[in-house]
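If you read the sequence shown in this note's numbering, its first letter stands for residue 407, the second for the next number, and so on. A virtual CB, placed ideally from N, CA and C, is assigned to each residue, including glycine.
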Amino acid sequence: MTNGRRAGHFERVQGTFCGVGAGILVICVLGLFCVGRHGASAATDFASACHTSYYNSPKCIDHPDGYGCECGSGFHWNTEMCMSTAIDSRLEFKQKRPIRYTLLLGKGFPQVKAFTIVYWIRLSKNHNSSENGTILSYKQGTRFDIMQMGVDHRLWFRLHDRVKYTRIVLPVGEWAHVAWTWNAEDGTWKLYWNTQEVNSGRRSAFRKPVPGGGEFVLGQASREAFEFDSNVAFVGDLAHLHVWDFVMSHADIVHLNTSCTFMYCGNVAQWADFRSGTRGAMRMRWPSGILSGILSTIQKDKCKTAVEEADTCNKHCSLTIGAQCNEDIVENIVWERTKAVNYLNVSCPGQENMEASNITLENATRLCDQTAQNDGIWEKPFIDKCISQDLMEIKDKVKRAFKGPDLNESIVFYLAELLLNHTINNVYTNPIDVATVIDLLALIVDTQDEVAVLQEKKWREGRNLYAQTVNVVRTKEETKNFTEVIIRTVDNLLSRRNDVGWNATKPAGVEGDNLLSALEAFARTVAKTIEYNIHIGMLDVNDASISEARGNIEFKVDVHMSNVFRGYTYPSSLERKMMGMLNNIGEIRLPNILKSQNASLIPAFFLTASFRFKHLAMYLPNHDLLTKSKEDNVNTPIITLYVYAGDAPFFRNLSSPIVFKVPFLDTFNISNPECVRIRHSSLSAEWRWLRDDCHLDWQDGISAQCGCYIPGVYAITTDMYNDNWDKGEKRPILMNAASYIGCALSALLCLATLAIHLYCKTSSAIASLHKNLALSIFFSQIVFMIGIDRYENQVVCEVFAVLIHYFVLSTYSWLMNETFNLYTTVTYSAHAQHQDLSDSGSFLRYTFLGWILPGVFVGAFVGSQGESYYAKDMCWIAWDNLWLFVGPTLGIVTVAIMVLILTAKEHNENSYTKSEKTNKVLTIQMKGMWTQIILVTVNWSFAFLSLKMHDSIIKYLYALMNVLQAMFFTVFNLLHEEIRNVLKANEKLKTLSTPGIDPEVDERSIDSFASTPLVEKDIKDSLPLEKKRGGREKKSQIEASSEEEIEREGSDCEMITSL
407 MTNGRRAGHF
417 ERVQGTFCGV
427 GAGILVICVL
437 GLFCVGRHGA
447 SAATDFASAC
457 HTSYYNSPKC
467 IDHPDGYGCE
477 CGSGFHWNTE
487 MCMSTAIDSR
497 LEFKQKRPIR
507 YTLLLGKGFP
517 QVKAFTIVYW
527 IRLSKNHNSS
537 ENGTILSYKQ
547 GTRFDIMQMG
557 VDHRLWFRLH
567 DRVKYTRIVL
577 PVGEWAHVAW
587 TWNAEDGTWK
597 LYWNTQEVNS
607 GRRSAFRKPV
617 PGGGEFVLGQ
627 ASREAFEFDS
637 NVAFVGDLAH
647 LHVWDFVMSH
657 ADIVHLNTSC
667 TFMYCGNVAQ
677 WADFRSGTRG
687 AMRMRWPSGI
697 LSGILSTIQK
707 DKCKTAVEEA
717 DTCNKHCSLT
727 IGAQCNEDIV
737 ENIVWERTKA
747 VNYLNVSCPG
757 QENMEASNIT
767 LENATRLCDQ
777 TAQNDGIWEK
787 PFIDKCISQD
797 LMEIKDKVKR
807 AFKGPDLNES
817 IVFYLAELLL
827 NHTINNVYTN
837 PIDVATVIDL
847 LALIVDTQDE
857 VAVLQEKKWR
867 EGRNLYAQTV
877 NVVRTKEETK
887 NFTEVIIRTV
897 DNLLSRRNDV
907 GWNATKPAGV
917 EGDNLLSALE
927 AFARTVAKTI
937 EYNIHIGMLD
947 VNDASISEAR
957 GNIEFKVDVH
967 MSNVFRGYTY
977 PSSLERKMMG
987 MLNNIGEIRL
997 PNILKSQNAS
1007 LIPAFFLTAS
1017 FRFKHLAMYL
1027 PNHDLLTKSK
1037 EDNVNTPIIT
1047 LYVYAGDAPF
1057 FRNLSSPIVF
1067 KVPFLDTFNI
1077 SNPECVRIRH
1087 SSLSAEWRWL
1097 RDDCHLDWQD
1107 GISAQCGCYI
1117 PGVYAITTDM
1127 YNDNWDKGEK
1137 RPILMNAASY
1147 IGCALSALLC
1157 LATLAIHLYC
1167 KTSSAIASLH
1177 KNLALSIFFS
1187 QIVFMIGIDR
1197 YENQVVCEVF
1207 AVLIHYFVLS
1217 TYSWLMNETF
1227 NLYTTVTYSA
1237 HAQHQDLSDS
1247 GSFLRYTFLG
1257 WILPGVFVGA
1267 FVGSQGESYY
1277 AKDMCWIAWD
1287 NLWLFVGPTL
1297 GIVTVAIMVL
1307 ILTAKEHNEN
1317 SYTKSEKTNK
1327 VLTIQMKGMW
1337 TQIILVTVNW
1347 SFAFLSLKMH
1357 DSIIKYLYAL
1367 MNVLQAMFFT
1377 VFNLLHEEIR
1387 NVLKANEKLK
1397 TLSTPGIDPE
1407 VDERSIDSFA
1417 STPLVEKDIK
1427 DSLPLEKKRG
1437 GREKKSQIEA
1447 SSEEEIEREG
1457 SDCEMITSL
């Protein structure tokens, strides 16, 4: 830094004394003598005298993006060295009293025959210009004020008892830079104020050295004894005071004034020497405030930015350790930081699954070279080995064809078809393959635009043969065929089957931007061809449009006559119907931009080119895919509009905005929509979504409308403050521990219920219904728990989605069967008194309704909806098709509720025909059915709500409701009279096994009791008297105990139902 400046000083001193002719040698010797006396030399460095305690070398830390300089606590990198943070400090002389001052301690002041004193000063706002304030003073023994500088209304100094008032008036409350030089050789002195020389002079009294060994004080005049005179104390701030033993040049003083690093130290006294000499009520504060004050406004261009500071550290460490190339992302490969003059080999992407198989992997190679400035620089990478073999063959054909002498439009079209066939027959999981297809596409488009197809025309006149070359113009049909090939290629490339390759591109969005740039060039080529054909008369304006619509991309070039143009919308309602265009990816409108223009500037016609992309936005994110961000996420389809009208300037920046309306892709908890357009990547900048020249017209939470004044690529970003939202590949957490526990307990309780029924060998109709309902709940819980998040394998996931739908519908169907059976039981108990209960209905119809009908529903839904039936992020129905589940479920629940209402009506009308205990049990069973329907519905509502909202509290509520409905179902079934009778019968068998009791008679009685339901018993009680007498004696054996059991069962059921 200062070597050059000191060398300049040496040259200027030489130049001052140098002559010509015979005196050159004498003058040179004199010049060297003077330089030696002044203590300066060409090799002097301003930092050579700096204390190593405050300035030291950094520890170089290797980071991916360059070297970092670690300076330790209390130090920072100042672009040259590690400097103590306390160096940039100021001494605060707040008031005259109590006495405060600062001494030069720790070193003696030497004898000097010249000096340069430099410092920053800021007068207090309370400064009284009528009072003297001493900035610095120096005495030796009884010689007071040998050297002194102070301020009242002007700056003044004293040297060897001679006082000089200067013309410098220091501003109050502002930092000023002061430099004072003196040379004893000739008694000259100079004063600089903010680098400007304000005063200078020469006095014979100054032609003697300043003696050493004295007392150097800041803020006070020299003291005669022990006390200072506070009346002449300084009030203000001092900073960065340094003393050198030579006279500095003006250039050096300018350098010190503009230094942002404070990388200079006086060789007589430096600012750090005064830190330990503060006395009295002194305060040292840091930072000084100089950098944020005058330097930030006057010299801000000379202070380095954070990036430039980091670059100086990198250069320092490169010289110390060695140059390296920083980590870089090129060609979808992360190239790690590498030492210069070395090759780096990186495994090709897409081979991750091959590493575990010990298969030889292909590598990409790149050289880290070294510049003359000792910087590392990357060369172009070699990635051909990372490209799939068949795609590499196409790339080689393209290279050979485009270098050949016979290149024509037919060859270009042939190569385009080769690329199209490759995108049809391949799935791209390698990001380099995706990038290669885009590169080849761009190359084909550019070549199609530039190739000149010449045809030689020959004819003979007499004996002379003539020849002429003429342009072969591309016809509309040829242009349309080329358009179809390009659009189909892009449509295949944007297919969701290539998501793995797209999502692996690095950095995120770069290949999406490259694709848009290639398509912009393609649109320009098509428009240029149509415009040329219209000019030469081969095309009529009304028949010049070309359009192509595919599932993932739609494109149209349209021609507009200026004299009839009133506006343009793409796509129009007619185009939507005729071409089958999608309705949910937006529209774009160009207003009448010609009405306010000068007629002489308007061409006869102009062209527009428009694109619509269904889901290209996911390949052009506003953030890194690995970074979860809540703000400014691209949340709409992408739509574009380009205008071509020769050199007309108003088409590049419109007076009226282009208006586009697009739907939001995600409408959950979004806010702050902002209209953006894309800035393509260039040599000077990366691609970005910009808000410039765009504004929002309106939004309703489902879609939004924007206006932009510059033609280009548009979308809308939104903030998404859903804590579980993630735009990357990371799937949402569908089930947590509570969800799994709830499902498992529910399944176990239902399985226990089924086991108890089988153990008790229940055979009644209602028991069979309970068993089938338990089985359907068990399977629905198991399938939901295991399969809802099995999205790794698409086929397995789709199977689980169908099974979950089927078993949940089956659960509701068996609940409906329970209501049918209850209605049948109540009806027969009132009207079919002479028919046995076992004939109340065939169980076959229940089987059909419970197991077959749900399968018919689900099979019909899957067959009719196809791929749209399945959700993309879980193994369930797509949320757009949720009605496929809600519709049948509501229908089944509605039927069950109606049946329960009819059952209650029938029971109330005929309750007088049954006993009080029977009426009580039937009432409890109806209440139980109501409770089960409500619990099952609430439970599955929380289940699917937890899948959509991903909130932990919803999952805990789902687990709670799951266990609650299973516990109710289990307890309610355990209180079933048939199970209770069997259990009681087993207890009585043990009792009857005592001596003296006939086991055969009693076992028959017990079996009869255990298999007789309460309602059936009540029906039998209503049979004719003669039938009842036959079994009265057997019935009497258990009547006393059965009355007690029925009473207890009723009370227990009532208690559980109430709970």
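Taking residue i as the reference, which of the options has the closest Cα?
{"i": "residue 1466", "options": "643, 738 and 920", "result": "The structure shown does not extend to residue 1466, since the chain is modelled only from 407 through 1465, so no value can be given for it."}
{"i": "residue 1222", "options": "1170, 1338, 1312 and 788", "result": "1338"}
{"i": "residue 1466", "options": "477, 1096 and 471", "result": "Residue 1466 cannot be examined here, being either before or after the span of the chain that is shown, 407 to 1465."}
{"i": "residue 710", "options": "727, 686, 665 and 683", "result": "665"}
{"i": "residue 685", "options": "624, 856, 723 and 661", "result": "624"}
{"i": "residue 822", "options": "889, 880, 1021 and 1102", "result": "889"}
{"i": "residue 919", "options": "1019, 543 and 1253", "result": "1019"}
{"i": "residue 1306", "options": "1288, 1358, 1362 and 1233", "result": "1233"}
{"i": "residue 924", "options": "935, 851 and 1302", "result": "851"}
{"i": "residue 611", "options": "811, 1174, 592 and 481", "result": "592"}
Hey, quick one: how far does the alpha helix (DSSP H) through residue i stretch, first residue to last?
{"i": "residue 923", "result": "916-941"}
{"i": "residue 1334", "result": "1322-1355"}
{"i": "residue 1077", "result": "Unbroken run through residue 1077 is the beta strand (DSSP E), 1076-1085; no alpha helix (DSSP H)."}
{"i": "residue 1300", "result": "1289-1316"}
Quick check on the DSSP output: the beta strand (DSSP E) that includes residue i runs from which residue to which?
{"i": "residue 748", "result": "748-753"}
{"i": "residue 1050", "result": "1044-1050"}
{"i": "residue 727", "result": "Per DSSP, residue 727 belongs to no beta strand (DSSP E) and is neither H nor E."}
{"i": "residue 771", "result": "769-776"}
{"i": "residue 1000", "result": "No beta strand (DSSP E) holds residue 1000; DSSP gives it neither H nor E."}
{"i": "residue 496", "result": "496-499"}
{"i": "residue 1260", "result": "Here residue 1260 belongs to no beta strand (DSSP E); instead the alpha helix (DSSP H) covers 1259-1271."}
{"i": "residue 468", "result": "465-469"}
For residue i, which residues in the same chain have their Cβ closer than 6 Å to its Cβ, ignoring the five residues on either side in sequence?
{"i": "residue 1366", "result": "none"}
{"i": "residue 824", "result": "800"}
{"i": "residue 1426", "result": "The pLDDT assigned to residue 1426 is 44, lower than 50, so where the model puts this residue is not dependable; a value taken from the coordinates is nonetheless given after this. None."}
{"i": "residue 1177", "result": "1160 and 1163"}
{"i": "residue 586", "result": "523 and 597"}
{"i": "residue 724", "result": "780"}
{"i": "residue 995", "result": "975 and 1065"}
{"i": "residue 1434", "result": "With a pLDDT of 41 at residue 1434, under the threshold of 50, the modelled position of this residue cannot be trusted, and the question is left open."}
Which whole-angstrom value describes the C-beta separation of residue i and residue j, a residue pair presumed to lie in contact below a C-beta threshold of 8 Å?
{"i": "residue 1014", "j": "residue 964", "result": "5 Å"}
{"i": "residue 793", "j": "residue 731", "result": "About 24 Å separates the two Cβ atoms, so there is no contact after all."}
{"i": "residue 640", "j": "residue 541", "result": "5 Å"}
{"i": "residue 521", "j": "residue 677", "result": "Not confirmed; about 16 Å, so no contact."}
{"i": "residue 515", "j": "residue 675", "result": "7 Å"}
{"i": "residue 907", "j": "residue 836", "result": "6 Å"}
{"i": "residue 1191", "j": "residue 1143", "result": "Contact doesn't hold; Cβ gap of about 12 Å is too wide."}
{"i": "residue 1194", "j": "residue 1100", "result": "With 8 Å as the limit, residue 1194 and residue 1100 do not qualify as a contact, their Cβ atoms being about 41 Å apart."}
{"i": "residue 645", "j": "residue 694", "result": "4 Å"}
{"i": "residue 735", "j": "residue 913", "result": "5 Å"}
Leaving out five residues before and five after residue i in sequence, what residues of the same chain have Cβ atoms less than 7 Å from its Cβ?
{"i": "residue 752", "result": "739, 741, 769 and 770"}
{"i": "residue 1119", "result": "922, 1044, 1046, 1083 and 1084"}
For residue i, which residues does DSSP report across the bridge?
{"i": "residue 598", "result": "585 and 603"}
{"i": "residue 719", "result": "Beta-bridge pairing links residue 719 to no other residue."}
{"i": "residue 976", "result": "994"}
{"i": "residue 648", "result": "524"}
{"i": "residue 475", "result": "466"}
Apart from the five residues just before and just after residue i, which ones in its own chain have a Cβ nearer than 8 Å to its Cβ?
{"i": "residue 1186", "result": "1210, 1213, 1214, 1216 and 1217"}
{"i": "residue 1196", "result": "1202, 1203, 1206 and 1281"}
{"i": "residue 934", "result": "855 and 1050"}
{"i": "residue 360", "result": "Look at the range of the chain in this structure, 407 to 1465, and you will see that residue 360 is not part of it."}
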